[in-house]
Each structure stands twice: as structure tokens, then as C-alpha cells.
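A.B. asks: Protein chains in written order, with my numbering: chain F, 1 to 323; chain C, 1001 to 1360; chain E, 2001 to 2278.
Heads up, the beta-carbon is just placed ideally off N, CA and C, and yes, glycines get one too.
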Amino acid sequence: MSQPDVEERRDLKAAATSHRGDRIFNGIVIAAAFTALVVLAGIAIFLGVQTIPAFQSQGLSFLTTTAWDINTDPPTAGIWGMLYGSVLLAVIGLVIAVPVSILLSIFMVFLAPKKLATALTNVIDLMAAIPSVILGLWAFYILNPTAEEWQQLLNQYLGWIPIFENASGNYLGTPFIAGFVLAIMMIPIVTSVTREVLARTPPELINAAESLGCSMWTMLRFVALPYGRGGIVGGVMLGLGRALGETIAVFFVLKIVFDTNWYHIIESGGGSVATLIVSRFGEVSGEFELSLLLAAGFFLFVMTLVVNVIANLIVARTGRIKS
Amino acid sequence: MSTVVFDSAALPELQQQKIQRPWRRKPAKLGWSIAIASIVPLVIVSAMFWSTNIPGAVLMTVVYLPLQLVASGVAAWATKGTRGILDSVIIVNAIGATLFAMMVLVSVLGSLFVRGWAALSAHFIYQNNVYISPSTPLDYGGIGHAILGTFLIVFIASLIAVPIGIATAIYITEVRGRAVPYVRFFVQAMSGVPSVVAGLFILTIVVATDAFSQSALAGGLAYAILMLPTVARTAEEVLKLVPEDLRTGALALGSTRSRTVLRVVIPAAKTGIVTAVILGIARVIGETAPLLLAAGNSDQTVLNPVGGPIAAIPTYIFNNVALPYPDAVARAWGSALVLIILVAVLFTLARIFGRGRIGK
Amino acid sequence: MSTAEFNTLTSLEGELMSQRETAEIEMAARDISVWFGKRKVLEGVNIDFPKRSVTALIGPSGCGKSTFIRTLNRLHELIPGAALAGQVLYEGSDIYSRDVDPVQIRLKVGMVFQKPNPFPSMTIRGNVLSGLKLSGMKRDNHDDIVEKTLRSAGLWNEVKDRLNAAAGDLSGGQQQRLVIARALAVQPHVLLMDEPCSALDPASTLKIEETIRELSKEMTIIIVTHNMQQAVRVSDSTAFFLAAENEPGHVVEQGATTEIFGNPQDQRTLDYVNGRFG
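(1) Where does Glu-2021 (chain E) fall in DSSP's three states?
(2) Checking contacts by CB at 8 Å: is Pro-1326 (chain C) closer than that to chain F?
(3) Tell me, please, whether the CB atom of Ala-1252 (chain C) is closer than 8 Å to any CB atom in chain E?
(4) Helix, strand or coil for Glu-1237 (chain C)? Go by DSSP, reduced to three states.
(5) Can you find a C-beta in chain F that's less than 8 Å from the C-beta of Met-2001 (chain E)?
(6) If you follow the beta strand (DSSP E) that Pro-2050 (chain E) is in, where does it begin and where does it stop?
(7) Taking Cβ positions, are Glu-2195 (chain E) and Val-2224 (chain E) nearer each other than 8 Å?
(8) At what residue ranges does the region 112-155 of chain F contain a whole run of the alpha helix (DSSP H), taking only runs of 4 or more?
(9) Nearest chain E C-beta to Leu-1246 (chain C) closer than 8 Å, yes or no?
(10) Comparing alpha-carbon positions, which option in C:Val-1277, C:Arg-1259 and C:Arg-1351 lies nearest Arg-23 (chain F)?
(11) Considering Cα atoms alone, identify which of C:Asn-1319, C:Ile-1156 and C:Val-1058 is closest to Val-1284 (chain C).
(12) Specify, as a first and last residue, the run of the alpha helix (DSSP H) that Met-1190 (chain C) falls within.
(13) With DSSP as the reference, identify every bridge partner of Arg-2030 (chain E), one or two as the case may be.
(14) Using the DSSP secondary-structure output, state which residues sit across from Ile-1273 (chain C) in a beta bridge.
(15) Which word fits Val-2280 (chain E), buried or exposed, when buried means at least 16 other C-beta atoms lie within 10 angstroms of its C-beta?
(16) Just verifying my parser: in three-state terms, what is the DSSP assignment at Trp-2035 (chain E)?
(17) For Leu-1279 (chain C), collect the residues of the same chain with a Cβ closer than 6 Å to its Cβ; drop the 5 residues on either side in sequence, then sort them by chain order.
(18) Tell me whether the beta-carbon of Ile-1225 (chain C) lies closer than 8 Å to the beta-carbon of Val-1193 (chain C).
(19) Consider the Cβ of Lys-1240 (chain C): report whether some Cβ of chain E lies at a distance smaller than 8 Å.
(20) Near Asn-1320 (chain C), what residues of its chain come up, given a Cβ to Cβ distance below 8 Å and the 5 sequence neighbours on each side ignored?
(21) Using 8 Å as the limit for Cβ to Cβ distance, is Val-9 (chain F) near chain E?
(22) How many whole angstroms separate the CB atoms of Ala-32 (chain F) and Thr-1173 (chain C), which I take to be in contact at a CB cut-off of 8 Å?
(23) Just by C-beta distance, which residues in the region 2115-2142 of chain E are closer than 7 Å to chain C?
(24) Going by C-alpha distance, which of C:Ala-1276, C:Thr-1348 and C:Ala-1252 is nearest Ile-2119 (chain E)?
(25) Going along chain E in order, which residues have a C-beta closer than 7 Å to the C-beta of Gly-1249 (chain C)?
(26) Helix, strand or coil for Val-6 (chain F) per DSSP?
(27) For Met-150 (chain F), count neighbouring Cβ atoms within 10 angstroms of its own Cβ and tell me buried if that reaches 16, exposed if not.
(28) Which bits of chain C does Gly-21 (chain F) rub up against, with CB to CB less than 9 Å?
(29) Kindly give me the distance between the Cβ atoms of Ala-36 (chain F) and Phe-1186 (chain C), rounded to whole angstroms, as I take these residues to be in contact under 8 Å.
(30) If you follow the alpha helix (DSSP H) that Phe-2240 (chain E) is part of, which residue opens it and which one closes it?
(31) Hey, could you find the ends of the beta strand (DSSP E) Ala-2056 (chain E) is sitting in?
(32) Taking only beta-carbon positions, decide if Asn-26 (chain F) is within less than 8 Å of chain C.
(33) Smallest Cα separation from Phe-1151 (chain C): which of C:Gly-1354, C:Ala-1101, C:Pro-1314 and C:Ile-1352?
(34) Identify whether Trp-160 (chain F) lies in helix, strand or coil by the three-state DSSP scheme.
(35) Do the region 2109-2116 of chain E and the region 1244-1251 of chain C touch if we need at least three Cβ pairs shorter than 8 Å?
(36) Nearest-angstrom Cα distance between Phe-2240 (chain E) and Glu-1244 (chain C)?
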């Protein structure tokens, strides 16, 4: 009896217990864990179905043209200008937010005294917490007049550059203002990721750079920024995902026009899918227009999903390299 | 041999030595050059500000920043030589970027307080909007119905998202099944769903099923979609902090997996779980687009989760911002102030609970 | 089998038993080898643990003692990639056979860890009774259990007036004795102790050693220790583990503690117990 009769290796698994409580518990937890997948699939299916009537009536031009005449016969609708507009606004936002965020992170990590840096971290968190409707309210009443002045000056002195052309003389509702508001929303997102990756620059690398007599510039250029590059790119992509889906803040400061504004960023009028949905929803003319809006929502969903997945993959990969 | 008399004067060097930090000593010229480099541009810009009518913000970005860059560059060159110039450029820009962000924040919060304060009064907090038109003076009506609506919708969202979010975190940290990487991936993907899409999704269900209309329940469902990833990810971080010792300790006592989680791990992470819930609420409480689509609007106080359209603070702000009536706009500012105070309270609570250490 | 034959057999067995009554085997490791993933960390361990005795497992760090002790109550399998060959016999049957519930094994084979791990969310009293709650075991007279186990663990006099205080308020040594009391409350037959004193001061160590001697009158104790004097003071028998570099650990020598320390057969054991390495 006491002679061993099991010589071969047995692989052991901890999870398998025969207790009823454990089995119920596992079942509930696994079901909950897949809620995220179910919701994502639900969004894709429910909104995806709505693209059928849109494509049936408009064909591919729903994606490639810019129009919204629902009550004509036949109705025409195309969201190209909105899709493009979302990207344009996000790019304007990035152009402002990325340098500011990186410089802000450099200040917090390498320049500011510890207490100030902690306080700034809290302030940036607070900035991230400002609801977009409040930013929209602020932009509508406070930012608009100032931005109007800036844009006039830009046009006055740099008007010979095509992007600063303005033929109408109307400087409100421009992509520039909307992009600026998006930049304010992106700065906390990009900053918090950038700050973290810069702060995780191994001190031995910084010491090595300093012992070689590097100036701060060379340390940043050759040590800290290359080291944190992946994380910074990931943070920027996260901000981009947020900007693409932003609705309400843009709603108050962008005049939605169904005419593709390619690059006149200080000319009134532009596009944004998310804002289109909210602005048309209030006066939706019937089931057909509603399904067009839902179809637009589907493409917004796909666009942000792709950006977010890439962002998270980048952030995850740099995280792995570090650990 | 003579006796040695202790003479304190014999040890002056050691006793009186002061604490010194020679590495902190700055080059002699540094103080002067910093002073000159910061004062000169400021003087020039102030002179321009008072003598010309160029707007202040433009003056700061177009004149002051380049001027400051040049001045600091010169100062750096004077003290550290050429390799100091690029450093000074970075430092000036970094400080500039920080000031810019702070300015924006101060402008947003300042305008909220200045303009919002005017609309605030006791009845603004508890009255509802029945019999109130956009032109009604601020002496009447309030956003009591919207505050209650926000609370109701957030409560419904929490009822759904908190258990599911925590259970998702438990799957990742405690059950550790084979699907963990996939689950984390889906949760992260879900956190990127735009709020307007979440609203549309619930709306399609509302329209498709006819089971319920725009209501607090529908709004709560839309909020829950946005809340779930925040709760799940924060709870995951928190559960990871629970020492492994406690889990093995419980299992060694003959505990089952579920009892270990429910009676040992979760109680040990109690404060952190509370933080996760608060952060989830803070994430959604100001979201407007989902409620525009899924919850609708009402002037009345609605307390029935399925009692039709319901008001909430964000949608109330949304509906009043662009009206051509000063009193309606003032109401929007007032409600915005109430909303930001709610958010600030939530974040302070999260900080307080977040500080409570695991295991103490 | 006829009744007569059966009687002779039992009487024979009875004779044998009476001869070595003190050496009745409670637990035994039979040819245990252990892997973490592909890495083999233990090979061919055979040890008998007689009832109501104290067995010390000694050896330098990294030789697999702690891994071994965790195979005895199936905690080893909590580590992903864990694998095992051989048998662990408890009252004659393999605790790793398919139909055995690890929870039942852990109830019979309690464990005390290196670092005291009282549950922070519970009171002192709650900690003592936590095993009953967590395992779903029903026992009456909770007050009696609390007093009895705390007395056995040598903690009663220090905490009797503050049973409802948080467990985290106790000192490290008190916490460790609280954890022992917690393990005793489910009435295990075997108590595993994985370096229970390594995180404690000498006074607490002494108290816990007294506790171990007291407890060994009623149960089987298996203790991993780095402290040679402790092994001599508390144990009846000792097993010396050793692992050559990049090779799995194994038992070099085992036997009565007096033999291992007084008259070791193996040169390596002699060197180790005399403090020449490890």
C-alpha cells in the first residue's frame, strides 16, 4: 500500500473544485467578465444592422459624399464630410495638445519640486474630470470672443498660408475653435500617460547621462523621450480616441455644414460625426433619418474602436518592455 | 601624567560645523541673469500692453514667449555657455505650457464660479422647472428635478455596473481563468466607446423592443456602459494590492475559492472598492450625449425609473446654453456650478478612500 | 477470509501496533518529485511523519523545503504550472487522488506561514473563528473555542480583554500566535509550520516554541526552520534537504533529531548542522 504506484508527473490545477458554491461563483464571475464583449458585440450588431437601410438607399456614397437632404425625393445623405471633419478636429486638437502635454510632463517630472509636481498631478486629474458640457458652455461664452480675435489676427498676418484663409469674415463655429476645445480635453489624458512613462525612466540611465555631462536637452533627446516614446504615442492615441468621439463640447462651438471643409480651419463650418448625431437627433424627421444617424454612429464606433485598440496595444507593449 | 581637562574650545571645528550643501550652490552670475532674463521681457510686454491695444492673450503668445525664450537663452549662454541655451528653451517652454494649462483651468473654473454663483439660491437647488419658461426670472424655479434625475440615473447605472465591474475584476485577479487577456482587452476596448454611441445603442434597444421609452432606466443603462470599464479597471488594480498571503491563508484554513474572495479578499480591499465605485460615478455624472438620446428631458420631477423622459443636470445645461434669454443662460451656469461641485466632491471622496491603505 | 483468520490478523496487527505505538504514521511522503513548469525543484522525497511528533525540515534556502511542505496540504497546486509525482499519504490514502477534495485535506492539515497573515478586516475573535466560517464548519460554543485555542497558542492572557480589537493592532509575535490559534480552531490533525519564527523577535520565538511542544502532545507537527537550535529544541526527528546548483532538491539524511545533530552519517549534514554552509 505504501509503495508509490504513481510515478509519472501529474499536472495540478487549482481552479477545479467540486464545491457547488464555487461552481456558481465561477459561473457568475465568468458571465460578468464577458459582459464587456457582449456589449461591444451588441453595439456592433444593433448599430451595424442600421447601416443596411443607409446603404440600400445611398449605396457607397453614404460614406464618400457629403450631403443631408432627407426630405427631398429621393433623399440624399452622405457622411464623408463628418467623418473627415472628426479627424480634422482631432488633428487640430493633437497639434495643440501634444506639445503642451509633453512639455507639461517634462516640467512635472524633471523641473518642478516634488510638492508642486504632486499638486499639478491633482490639478491635471481635476482637468480631466471637467464634464464636456461644462467645457462647451465655457467655450461658447468665454473662449469664443477671444478665439475670434486670435483667428482674425492669424488671418490678417498669416492669411497667405492656405489653412488660414477666411473668405466669409465669420470666425465663429470654426474647426480651429472646436479643435482647441478638444485639445483641452486631450491634454489631461496625454499628460497623465506621458508623465508616467517619463517618471519611469530608469534613474540609472539618467545618472549615466548626467555623468557623461549631458545637458538636460541631450538627456531628454537621447534618454527620456526615446525611452518613453511608445507610452507617449499610446497616450496620444488614447487622447485621439477620446477626441474622435467627443460630442457635446464640439456641439456648441462648431457650425455643422454639409460641405467638406478640407483645410480652412479658421473658416466657419465643419463636420463631426458625433455632433451630427446629437444635432440632428433633436429634430429627426422620421425612422429613415434615425437609421441614418444610427449608421453614422456605427462608423463612429468602428473608428474609435480601431484607434483605441491600437492605442492600448502600444501602451501594453511598452508596459511589457518595462517590466 | 597630568589630567586632561575637557576643553570645549578645543573642538570648535566639529561642533560648529554648519550643514552645507555645496552642490546646491549656484554659479555667481546665475541669480543676476535669471533676474534680468525674467524682468526685461516682462517690462517690454507690459509697456506694449498699456501703450497698444493688442489683446493680452495674443501679446503673451506672440511677443512675450519668444522674447522670454531669447532672454533666457542669452542668460543661459552667459552662465553655462552654449549648451545651456537649448536647456533654457525647454525650461521656458515647459513653464509656459504649464502656465497655459493652468490658465485654461482657472478660466473655466473662475467663469463657472463667477457666473454660476449669481444663479444659485436655495430654491434653485430644490424646486423643479414646471411653470418655468426660459424668460422666467431667476427668482422662480430650479434644478431640483434635474439633480434628482441625475441621482436616480447614476444610481441605476451603479446598480448595474458596480457588481458586473467588480465581478470582472474578480475574474481577472482571483479566478485567473484562461480568458484573462481577452477580458482585459474587451474591457479596455469598451472604455473607448464614445458616450454618444452608448446612448445610440440603448436607443436602438428602446426603439427596437418598445419595452420601455426614454427614461431613467434607459439613461442608467447607457451610463452603465460607460461606467463599467472604469469600475472594472480600478477594482482590478485594487484587488491586485491585496497580499497573496491572505488568499493562501484562507485557503489553508479549508476555505473555498468563493468564500476566500467574498469574506477575505473583498473586505481587505473595501476602501479601494469604494474608490472604484466613486471614480465610476465621477466618470459618468457629467455625460450629456447618452442622456439626450436615452433619457430625454422633462420639466417635472420624475422618480419612477420607467416613468418616461427625465431631466438630469447635464441635459438641463445643454438645453439652456444657447437660448437667447439671459436668465436661461444664467440657469445653465448655475447648474454647471452645481455639477462641477458634485464632481469635485466625488473626487475628494475618492482621494480620501484611496488613501486608506490595503490591509490596515 | 474466515473469522479465525481475521482474528489472528487483527491480533497480529495489534501486537505490531503496540510495539511501535509511538511510531504510528499519520502522514507520509512517497517518492515526491515537484515541478514548477519545466523546472524540477524536488526529487524523490520519502519521509514518514509519526503521529503526535514534531518533524523539522532543515536545509539551506532554495532547497525546496517550503515547496515540499506546501505539497502536504495541496497549497502547492495554487501556483500556475505546478506539477507533482509520487504520493502524499494521509491516514494511508493519497491526498492527490482524483476523488479527494483539497478543502477536506486542508481542514485536516492546517498551516502557519512565515509571515503572520491575520485577516485585516476581522477582529481578533473573528480571526480565530474565521476558519469555521470560511470552511463552513459547524461548531458550537464559539466562546469556548476562542478561549481554548488562544490558550493553546499562548495568547489568551494578552488579548482576553480586547477580543474585539482589530487583529492588525497586535505585535508580529502576537499575530503569529493568533494565526496559530486560527489554524487550531478547525481542529486539524496535522499542523504545518513554514518558518513560523523567522520574522519574529527571540522572546516571541521562545513562546511559539513552547506552544509547539504543547501542541505536539495532541497533533502531528511539521516545521520548516532555518534555525538549527530551534530544530534541536522542538523536534523529535529531522530531515535535511539539500539542492546542488541547478538540480532539484532532495533529502540527504533523515532520522531522530539527536542522531542528525549528534551523529550525522553524511559529511554534508555534518557541515550544515555545524554551520559550515547554508
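C.D. replies: Put simply:
(1) Model confidence at Glu-2021 (chain E) stands at a pLDDT of 47, short of 50, so the residue's coordinates are unreliable and nothing is read from them.
(2) Not an interface residue.
(3) So, interface residue.
(4) The three-state reading of DSSP puts Glu-1237 (chain C) in helix, counting H, G and I together.
(5) Low local confidence applies: a pLDDT of 46 at Met-2001 (chain E) is under 50, so the model's placement there is unreliable, with the coordinate-based value given in what follows. For Met-2001 (chain E), no Cβ of chain F is located within less than 8 Å of the residue's own Cβ.
(6) Taken as a continuous stretch (DSSP letters only), the beta strand (DSSP E) holding Pro-2050 (chain E) covers 2039-2050.
(7) Going by C-beta atoms, Glu-2195 (chain E) is nearer than 8 Å to Val-2224 (chain E).
(8) 114-129 and 132-138, all fully within the region 112-155 of chain F.
(9) With its beta carbon less than 8 Å from one in chain E, Leu-1246 (chain C) belongs to the interface.
(10) Checking every option, the nearest Cα to that of Arg-23 (chain F) belongs to C:Arg-1259.
(11) Nearest to Val-1284 (chain C) by alpha-carbon distance, out of C:Asn-1319, C:Ile-1156 and C:Val-1058, is C:Ile-1156.
(12) Segment 1180-1191, the alpha helix (DSSP H) holding Met-1190 (chain C).
(13) The partner list for Arg-2030 (chain E) (beta bridge, DSSP) reads E:Gln-2087.
(14) Partner(s): none; Ile-1273 (chain C) has no beta bridge.
(15) Absent from the structure is residue 2280 (chain E), since the part of chain E shown begins at 2001 and ends at 2278.
(16) Trp-2035 (chain E): strand per DSSP, three-state reduction.
(17) Apart from sequence neighbours up to five positions away, the residues of its chain that approach Leu-1279 (chain C) with a beta-carbon distance below 6 Å are Thr-1230, Thr-1234 and Ala-1350, ordered along the chain.
(18) Going by C-beta atoms, Ile-1225 (chain C) is nearer than 8 Å to Val-1193 (chain C).
(19) By the rule that beta-carbons nearer than 8 Å mark a contact, Lys-1240 (chain C) does not touch chain E.
(20) For Asn-1320 (chain C), where only same-chain residues beyond five positions count, the Cβ hits under 8 Å are Pro-1134, Ala-1328, Val-1329, Arg-1331, Ala-1332 and Ser-1335.
(21) A quick correction: the sequence has Arg, not Val, at residue 9 (chain F). It does; some Cβ of chain E falls within 8 Å.
(22) About 13 Å; that fails the 8 Å criterion.
(23) The region 2115-2142 of chain E vs chain C, Cβ under 7 Å: Lys-2115, Asn-2117, Phe-2119, Pro-2120, Ser-2121, Ser-2130, Gly-2131, Lys-2133, Leu-2134 and Ser-2135.
(24) Here the sequence assigns Phe to residue 2119 (chain E), which means Ile is not the residue at that position. With respect to the C-alpha of Phe-2119 (chain E), the residue from C:Ala-1276, C:Thr-1348 and C:Ala-1252 having the closest C-alpha is C:Ala-1252.
(25) The contacting residues are Phe-2113 and Asn-2117.
(26) The predicted model places Val-6 (chain F) with a pLDDT of 48, which falls under 50 and marks its position as unreliable; any figure quoted below should be read in that light. Three-state result, Val-6 (chain F): coil.
(27) Note on identity: in this sequence residue 150 (chain F) is Trp, with Met being the wrong assignment. Counting other Cβ atoms within 10 Å of its Cβ, Trp-150 (chain F) reaches 16 or more and is therefore classed as buried.
(28) Within chain C, the residues placing a beta-carbon under 9 Å from that of Gly-21 (chain F) are Thr-1256, Arg-1257, Ser-1258 and Arg-1259, ordered along the chain.
(29) Correct: roughly 4 Å between the Cβ atoms.
(30) Residue range 2237-2242 is occupied by the beta strand (DSSP E) that includes Phe-2240 (chain E), with no alpha helix (DSSP H) assigned at that position.
(31) Taken as a continuous stretch (DSSP letters only), the beta strand (DSSP E) holding Ala-2056 (chain E) covers 2054-2058.
(32) Look at Asn-26 (chain F): its C-beta is under 8 Å from a C-beta on chain C.
(33) Ranking C:Gly-1354, C:Ala-1101, C:Pro-1314 and C:Ile-1352 by Cα distance to Phe-1151 (chain C) puts C:Pro-1314 first.
(34) Reduced to three states, the DSSP call for Trp-160 (chain F) is coil.
(35) Verdict: yes, contact present.
(36) Rounded to the nearest whole angstrom, the CA to CA distance from Phe-2240 (chain E) to Glu-1244 (chain C) is 28 Å.
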